[in-house]
Ligand SMILES: [Zn+2]
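Residue numbers (this note's numbering): 3 to 339.
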């Protein structure tokens with residue numbers, strides 16, 4: 003009973019947010035919604051259950067989104083919007099730009115056909131030195147180990163033993179929610195600490211063949227760019243979180259070299275940047291500001307064009323559970339919930 007009441011209240015709130023939200027109102031001052039997507043995967047794809055729920059949208063839902071945004075917004079490419087803003091040209095009252103983080107192979111397989119079918123521009127932020135390699139993001143490795151019954155092997159390393167004990171105290175069964183909590187807790191360690199702990203327990207051998215390649219290859223990335231719909235931005239060289247754990251040289255490498263790598267491989271200039279995990283400090287922000295025309299964060303918010311900070315652009319994160327109906331998607335765009 004209590005659950006039903008909670009559900010009812012939630013559903014009513016979504017309905018109201020959809021109806022009265024900023025996306026559904028005339029705007030006098032220009033605004034920009036930057037939508038943040040990661041993976042586009044159908045439920046029956048083997049990769050669906052090897053990912054955190056908060057990272058995925060199904061192709062059906064994504065296709066619905068690409069149609070819905072046209073009802074509310076002028077759909078723009080982020081780079082074009084930024085350029086118009088810099089040149090002082092008029093901006094749409096309500097603009098919406100689509101972004102993808104990381105360069106997942108599934109973006110090529112499932113998102114590109116939908117972008118083409120709906121003629122929707124987008125920006126894809128690629129991890130420059132990992133494109134075309136068998137690189138795995140550590141959250142996927144950890145999730146796959148947990149879901150494949152490899153907790154005992156993980157616990158051989160004190161770092162994982164500590165995190166495992168904490169999560170065991172809160173979650174009874176090892177499922178994707180358990181893994182999501184585990185991964186969130188692991189983020190208090192640096193990427194280097196986590197990667198070396200995974201190396202020490204020989205995670206690659208433990209998972210032999212169980213994790214499909216994460217990222218697309220250079221031909222696929224080029225094909226996305228050559229569609230004329232997808233602009234490529236940088237998401238660093240190695241997807242290191244740009245925090246105090248990195249040296250000045252590493253920061254320089256991740257921020258400046260990633261631009262160079264992408265420009266050499268793809269031709270053309272790379273002007274947009276995306277902070278891994280949304281992490282940055284003052285030094286990082288300064289370096290990004292001198293290297294790129296604009297950058298996106300993971301901070302949530304609708305952008306007010308007049309007050310926009312071009313190197314700290316906020317976004318609206320989208321995943322399946324909170325957006326798989328027109329009403330829920332509208333509520334997510336409302337700025338109210
Ligand atoms: Zn990322």
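We put the beta carbon where it would ideally sit given N, CA and C, even for glycine. Here the structure is a predicted model, which is why all the values come from computation and not from measurement.
Would a C-beta distance cut-off of 8 Å place residue i and residue j closer than the cut-off?
| i | j | result |
| --- | --- | --- |
| residue 319 | residue 237 | no |
| residue 233 | residue 79 | yes |
| residue 55 | residue 178 | yes |
| residue 110 | residue 43 | no |
| residue 156 | residue 147 | yes |
| residue 244 | residue 35 | no |
| residue 168 | residue 239 | no |
| residue 24 | residue 337 | yes |
| residue 255 | residue 59 | no |
| residue 315 | residue 298 | yes |
| residue 123 | residue 77 | yes |
| residue 51 | residue 329 | no |
| residue 261 | residue 280 | no |
| residue 154 | residue 172 | no |
| residue 108 | residue 45 | no |
| residue 120 | residue 326 | no |
| residue 103 | residue 40 | yes |
Assuming residue i and residue j form a contact by the criterion Cβ under 8 Å, report the distance between their Cβ atoms to the nearest whole angstrom.
| i | j | result |
| --- | --- | --- |
| residue 37 | residue 101 | 7 Å |
| residue 231 | residue 118 | 7 Å |
| residue 333 | residue 313 | About 29 Å separates the two Cβ atoms, so there is no contact after all. |
| residue 105 | residue 242 | At roughly 15 Å, the Cβ-Cβ gap does not stay under 8 Å, so residue 105 and residue 242 are not in contact. |
| residue 220 | residue 134 | 5 Å |
| residue 142 | residue 216 | 6 Å |
| residue 324 | residue 290 | At roughly 29 Å, the Cβ-Cβ gap does not stay under 8 Å, so residue 324 and residue 290 are not in contact. |
| residue 213 | residue 144 | No, residue 213 and residue 144 are not in contact; Cβ-Cβ is about 11 Å, not under 8 Å. |
| residue 229 | residue 114 | 7 Å |
Is there contact between the stretch 298-308 and the stretch 61-72, where contact requires at least three CB pairs shorter than 8 Å?
With the cut-off at 8 Å, the stretch 298-308 and the stretch 61-72 do not touch.
By C-beta, the residues closer than 6 Å to any heavy atom of ligand 1, given in chain order
Qualifying residues, in the order they occur: 103, 104, 237, 241, 278.
Restricting to runs no shorter than 4 residues, where is the alpha helix (DSSP H) found entirely within the stretch 206-267?
Note on the stretch 206-267: whole alpha helix (DSSP H) runs with a minimum of 4 residues are 220-228, 250-254, in chain order.
Cβ contact (3+ pairs, closer than 8 Å) linking the stretch 223-230 and the stretch 88-98
The stretch 223-230 and the stretch 88-98 do not touch, with fewer than 3 CB-CB distances between them shorter than 8 Å.
Of all the alpha helix (DSSP H) runs that stay within the bounds of the stretch 72-97, which reach a length of 4 or more residues?
If we require 4 residues or more, the alpha helix (DSSP H) runs fully inside the stretch 72-97 come out as 80-88.
Given 8 Å as the limit, is there contact between the stretch 28-43 and the stretch 186-194, that is, 3 or more CB pairs closer than that?
Too few Cβ pairs lie closer than 8 Å, so no.
Runs of beta strand (DSSP E) lying entirely within the stretch 293-317, each at least 3 residues, in chain order:
Taking only runs of at least 3 residues, the beta strand (DSSP E) segments lying wholly in the stretch 293-317 are 296-302.
At least 3 beta-carbon pairs within less than 8 Å: the stretch 156-173 vs the stretch 195-213
Contact holds between the stretch 156-173 and the stretch 195-213, because three or more Cβ pairs, one in each stretch, are under 8 Å apart.
3 or more residues per run - each beta strand (DSSP E) lying fully within the stretch 122-195:
Taking only runs of at least 3 residues, the beta strand (DSSP E) segments lying wholly in the stretch 122-195 are 124-128.
What are the uninterrupted segments assigned as beta strand (DSSP E) that are 3 or more residues long and contained completely in the stretch 33-79, given in chain order?
Here the runs fully enclosed are 33-39.
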